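Visitor: Each residue of the sequence shown is one higher than the last, beginning at 916 in my numbering. Heads up, the beta-carbon is just placed ideally off N, CA and C, and yes, glycines get one too. For clarity, every value in this text was computed on a predicted model and none was experimentally measured.
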Amino acid sequence: MESNPNSSQSNTSVRIAGTGSYLPEKILTNADLEKMVETSDDWITSRTGIRNRRIAREDEFTSHIAAEAAKNALEQAGIAAADVELIIVATITPDTITPATACYVQQHLGCPRAVAFDVSAACSGFLYALEIARHSVGAGAFKNALIIGAEKLSAYINWTDRNTCVLFGDGAGAAVLLPAEEGSGKILSSHLGTDGAQTELLNIPGGGSACPITVENADQQLATLAMQGREVFKHAVNAMKRASLHAIESAGLQIEDIKLVIPHQANLRIIDAIVDRLGVPKEDVFINLDKYGNTSAAAVAIALDEANREGRISKGDKILLVAFGAGLTWASAVIEW
Ligand code: ACO
916 MESNPNSSQS NTSVRIAGTG SYLPEKILTN ADLEKMVETS DDWITSRTGI
966 RNRRIAREDE FTSHIAAEAA KNALEQAGIA AADVELIIVA TITPDTITPA
1016 TACYVQQHLG CPRAVAFDVS AACSGFLYAL EIARHSVGAG AFKNALIIGA
1066 EKLSAYINWT DRNTCVLFGD GAGAAVLLPA EEGSGKILSS HLGTDGAQTE
1116 LLNIPGGGSA CPITVENADQ QLATLAMQGR EVFKHAVNAM KRASLHAIES
1166 AGLQIEDIKL VIPHQANLRI IDAIVDRLGV PKEDVFINLD KYGNTSAAAV
1216 AIALDEANRE GRISKGDKIL LVAFGAGLTW ASAVIEW
């Protein structure tokens, strides 16, 4: 199921007024992983492009990581925590199954007025949150929105499975949405899609109502990420190419109009395959997966903040965000900065 590109126009245009990110201090290198599983720096680098990832402290939960990223975004937007009206956290690694991680974030930040809830759309989650928030702010239901992609994936990794443990890391990225103003940038278009026929390709099989963790299955690591990597790879390339073209067309633009592509940071080979198919020059693509690995819902958000703060985006630039993840889910957005 895919969203109708023509239905993605909000009542009032909405802009991104600030971005932020936070990465835990501890760095896990490919050399560290060589000591943990049968792998090599050469295999990981050549197959994925990943060199390092960040790992949160034991006492640092997804909500803490999310709140740190959010503080930076609020500061850049010039919005006080007390004035935030909507908080959406995109995550597949919540502090607890209930309440939502967004509720903890509301407390950490001190946003008593904010309605707070989570979105679960894996690596596409930040762009799903963007879509919900922009329509909520655009319709006038909320004056502003704080959206956060945050993950503590290290808590859901089987550290003896080389197929997955080399790929993921922890981190958070955030953005503040406000109504667009005369002469300001705005979100031009977006596109979302889901294919629930492919749930088995990428999931955390245990820990939910379908398979609770019990004394009998406790040693099977069922509450960790399981993935059919090769199949996911193919779907990722096709879905992200399609989603990119939908959002660009819906914005009334051509691919040549896009100044910077910020793709989901899962695998350099996936990104290369997409940009080759789209015909985008490599220098117009933002990459940071070498530093952080795949941080799922946080990845696009962290990359957006880094691109913003490193001066890779200027006022008036059109940028493309595109993501893909478990579900399967995919999402894209074109933003005029
Ligand atoms: N070190 C060394 N060898 C390894 C490792 C490792 N870490 N992992 C797998 N291998 C081996 C496999 O066992 C296999 O060996 P075999 O040929 O003897 O059976 C060989 O390497 C090739 O394995 P493949 O899985 O075919 O390798 P591939 O080139 O497909 O790369 C990867 C695997 C990196 C996982 C890739 O398929 C990928 O990136 N897939 C998509 C990931 C993604 O985009 N996920 C989406 C978002 S995640 C989310 O939503 C939470």
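Residues in the same chain with beta-carbon distance under 7 Å from ALA1070, minus the five sequence neighbours each way, listed in chain order, please.
Guide: Correct list, in chain order: THR1008.
Visitor: By the three-class DSSP mapping on this structure, what secondary structure does THR1129 have?
Guide: coil
Visitor: Does the structure place the region 992 to 1001 close enough to the region 1016 to 1035 that three or more beta carbon pairs sit under 8 Å?
Guide: yes
Visitor: Just curious, the alpha helix (DSSP H) that GLY1240 is in, first and last residue?
Guide: Unbroken run through GLY1240 is the beta strand (DSSP E), 1233 to 1240; no alpha helix (DSSP H).
Visitor: At a threshold of 6 Å, does TRP1245 count as lining the ligand ACO (C-beta to nearest heavy atom)?
Guide: For TRP1245, the shortest separation between its Cβ and any heavy atom of the ligand ACO does not lie below 6 Å.
Visitor: Considering Cα atoms alone, identify which of ASP1172, ASN1059, ALA1246 and ASN1118 is closest to HIS1179.
Guide: Checked all of ASP1172, ASN1059, ALA1246 and ASN1118; the closest Cα to HIS1179 is ALA1246.
Visitor: Do you know whose CA, among ALA1212, THR963, ALA1248 and GLY1025, lies nearest ALA1162's CA?
Guide: It is ALA1248 whose Cα lies nearest to the Cα of ALA1162.
Visitor: Determine the burial state of GLN1021: buried for a count of at least 16 other Cβ atoms within 10 Å of its Cβ, exposed for fewer.
Guide: buried
Visitor: Find out if the Cβ-Cβ distance for the pair ALA1125, ALA988 is shorter than 7 Å.
Guide: Taking 7 Å as the Cβ cut-off, ALA1125 and ALA988 do not qualify as a contacting pair.
Visitor: What does the Cβ neighbour count give for ALA1154, buried or exposed, with the cut at 16 atoms within 10 Å?
Guide: Classification of ALA1154: buried, given that the 10 Å Cβ count is 16 or more.
Visitor: Using only the heavy atoms of the ligand ACO, determine whether one of them is closer than 6 Å to the beta carbon of GLY1108.
Guide: Not under cutoff, so the answer is no.
Visitor: I'd like the list of long-range same chain contacts for LEU1170, defined as Cβ closer than 7 Å, with 5 residues on each side in sequence excluded.
Guide: The identity of residue 1170 in the sequence shown is Ile, whereas the question assumes Leu. Here the set comprises ILE1163, LEU1193, GLY1194 and VAL1195.
Visitor: The ligand ACO and ARG1192: does any heavy atom of the ligand fall closer than 6 Å to the residue's C-beta?
Guide: Because no heavy atom of the ligand ACO lies under 6 Å away, the Cβ of ARG1192 does not count as near it: no.
Visitor: Should the region 1212 to 1230 be regarded as contacting the region 1064 to 1078, the criterion being three or more beta carbon pairs within less than 8 Å?
Guide: yes
Visitor: Let me confirm a value: GLN991 is counted as buried when at least 16 other C-beta atoms fall within 10 Å, else exposed. Which label applies?
Guide: buried
Visitor: Can you tell me whether THR934 is helix, strand or coil according to DSSP?
Guide: Correct three-state label for THR934: strand.
Visitor: Exposed or buried, which one is ILE1003 when buried takes at least 16 other CB atoms within 10 Å?
Guide: buried
Visitor: Contact between the region 1047 to 1057 and the region 1180 to 1187 is defined here as three or more beta-carbon pairs at a separation below 8 Å; is this criterion met?
Guide: no
Visitor: Would you mind working out which of ASP1076, VAL1147, GLY1055 and THR1016 sits nearest LEU1116, comparing C-alpha positions?
Guide: VAL1147
Visitor: Please report the distance separating the alpha-carbon of ALA984 from that of LYS1149.
Guide: So the two alpha carbons sit approximately 32 Å from each other.
Visitor: Opposite TRP1264 in the DSSP bridges: which residues?
Guide: The structure shown has nothing for residue 1264, since the chain only spans 916 to 1252.
Visitor: With DSSP as the reference, please indicate the residues paired to ASP1033 in a beta bridge.
Guide: VAL1004
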